[in-house]
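Numbering (the working numbering), first residue to last: 382 to 708.
Glycine included, every Cβ here is placed at the ideal spot set by N, Cα and C.
Everything on this sheet refers to the single structure shown next.
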């Protein structure tokens with residue numbers, strides 16, 4: 382039986398401080414798996430540089446020259462984590478049986494990659510890396526993350542709880558995922574839609590090995606909003622319900638005003654007027670903004686611009702397509 386060709390895809394953005402440690406760690410994992418005959422000797426690491434401003438690409442380029450296990454891709458600019466990961470998956474699927482995606486910061490436990498492969502060999506097309514606890518997070522981040530998962534569930538989207546982008550995808554799963562043509566692909570929502578046999582592997586997340594987080598609060602909010610508006614129209618329906626509710630309230634308010642007028646109790650109600658104006662004005666602006674998010678997504682989709690542009694491709698396409706088998 383032919384051994385499984387594995388590619389570990391690692392999106393990188395300004396990761397010069399941690400790159401050497403990450404490469405050495407993942408390289409050791411690959412060599413150990415090869416030594417156990419769990420994967421093919423044609424397996425490799427694929428680093429995707431997402432428009433880094435530091436020396437990340439130079440480090441990737443040098444590694445590809447001296448290490449046969451390392452390949453690299455450079456995007457022409459910063460397209461964002463999800464698109465960089467998608468670029469790596471789309472390239473790796475050409476010569477791999479399965480692909481594991483992992484961030485470059487070494488927070489995800491590389492020790493469970495072996496279990497990923499075992500689960501794949503047992504017939505699972507998708508293996509999710511799931512955090513067993515969130516002790517390394519701040520109180521704020523832990524609670525906002527949990528709130529995000531609950532909110533997405535209320536919006537009708539079934540996400541894998543405490544799962545980010547640490548996962549294994551089979552060749553077939555990636556090929557089917559690439560049939561989703563939306564410009565802004567929210568991978569955490571798309572992957573569960575594939576419906577293939579899947580399982581979870583639990584691990585404890587570590588503190589970042591070096592460097593700074595590439596997901597500040599602003600990007601976390603944008604990421605959450607992108608996920609919600611990509612998979613659910615419930616926010617639009619909520620606006621409709623709010624509009625209906627306030628219409629009913631306004632009818633009763635109008636009746637109350639007429640009664641007060643007929644009874645001669647009409648006085649200038651400055652406080653109630655100001656509260657009403659600010660409340661309704663805020664709700665209308667929020668509603669317009671939310672509708673604008675959906676219109677903006679439609680605008681981006683109809684233009685059909687490429688999701689990413691590859692500037693340099695140093696992938697080592699080992700073997701040939703006939704050597705890569707799918708389930």
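Thinking just about the alpha-carbon of each residue, which of the options is nearest to the one in residue i?
i: residue 493; options: 485, 511, 473, 454; result: 511
i: residue 431; options: 424, 418, 467; result: 467
i: residue 406; options: 491, 499, 564, 640; result: 491
i: residue 624; options: 633, 657, 688, 661; result: 661
i: residue 400; options: 505, 420, 428; result: 428
i: residue 619; options: 586, 669, 417, 657; result: 669
i: residue 569; options: 557, 539, 553, 587; result: 539
i: residue 687; options: 566, 452, 581, 453; result: 566
i: residue 553; options: 531, 535, 576, 496; result: 576
i: residue 556; options: 527, 433, 473; result: 473
i: residue 487; options: 393, 671, 626; result: 393
i: residue 580; options: 496, 630, 644; result: 496
i: residue 657; options: 630, 680, 644, 462; result: 630
i: residue 587; options: 498, 680, 485, 433; result: 485
i: residue 695; options: 409, 438, 408, 413; result: 438
i: residue 450; options: 413, 463, 462, 433; result: 413
Where residue i and residue j are concerned, what is the direct C-alpha to C-alpha distance, given to the nearest angstrom?
i: residue 709; j: residue 571; result: Residue 709 lies beyond the range of the chain shown here (382 to 708); nothing can be said about it.
i: residue 665; j: residue 697; result: 54 Å
i: residue 460; j: residue 395; result: 13 Å
i: residue 489; j: residue 483; result: 7 Å
i: residue 561; j: residue 388; result: 22 Å
i: residue 676; j: residue 682; result: 10 Å
i: residue 424; j: residue 477; result: 8 Å
i: residue 471; j: residue 383; result: 23 Å
i: residue 673; j: residue 504; result: 43 Å
i: residue 421; j: residue 453; result: 19 Å
i: residue 531; j: residue 640; result: 44 Å
i: residue 402; j: residue 501; result: 27 Å
i: residue 541; j: residue 418; result: 31 Å
i: residue 667; j: residue 535; result: 20 Å
i: residue 702; j: residue 386; result: With a pLDDT of 39 at residue 702, under the threshold of 50, the modelled position of that residue is not reliable, and the figure given next carries that caveat. Distance between the alpha carbons of residue 702 and residue 386 is about 11 Å.
i: residue 684; j: residue 622; result: 32 Å
i: residue 678; j: residue 559; result: 19 Å
i: residue 550; j: residue 573; result: 11 Å
i: residue 408; j: residue 626; result: 59 Å
i: residue 671; j: residue 585; result: 36 Å
i: residue 442; j: residue 499; result: 31 Å
i: residue 433; j: residue 527; result: 30 Å
i: residue 636; j: residue 463; result: 53 Å
i: residue 633; j: residue 680; result: 40 Å
Could you pull the start and end residues of the alpha helix (DSSP H) that residue i belongs to?
i: residue 403; result: 400 to 416
i: residue 467; result: 462 to 473
i: residue 571; result: 568 to 574
Is the beta carbon of residue i less than 9 Å from the beta carbon of residue j?
i: residue 435; j: residue 397; result: yes
i: residue 415; j: residue 444; result: no
i: residue 480; j: residue 545; result: no
i: residue 458; j: residue 690; result: yes
i: residue 440; j: residue 507; result: no
i: residue 455; j: residue 693; result: yes
i: residue 583; j: residue 548; result: no
i: residue 564; j: residue 543; result: no
i: residue 426; j: residue 411; result: yes
Starting from residue i, follow the beta strand (DSSP E) in both directions and report where the run begins and ends.
i: residue 545; result: 544 to 551
i: residue 388; result: 387 to 393
i: residue 453; result: 451 to 456
i: residue 481; result: 479 to 482
Give the DSSP-derived three-state secondary structure of residue i in the structure shown.
i: residue 512; result: strand
i: residue 500; result: helix
i: residue 434; result: coil
i: residue 581; result: strand
i: residue 694; result: strand
i: residue 670; result: helix
i: residue 527; result: helix
i: residue 428; result: strand
i: residue 541; result: coil
i: residue 564; result: coil
i: residue 420; result: coil
i: residue 397; result: coil
Against chain B, with Cβ distances strictly below 9 Å, would residue i count as a contact?
i: residue 470; result: Annotation note: the requested chain B is absent from the structure, which comprises a single protein chain.
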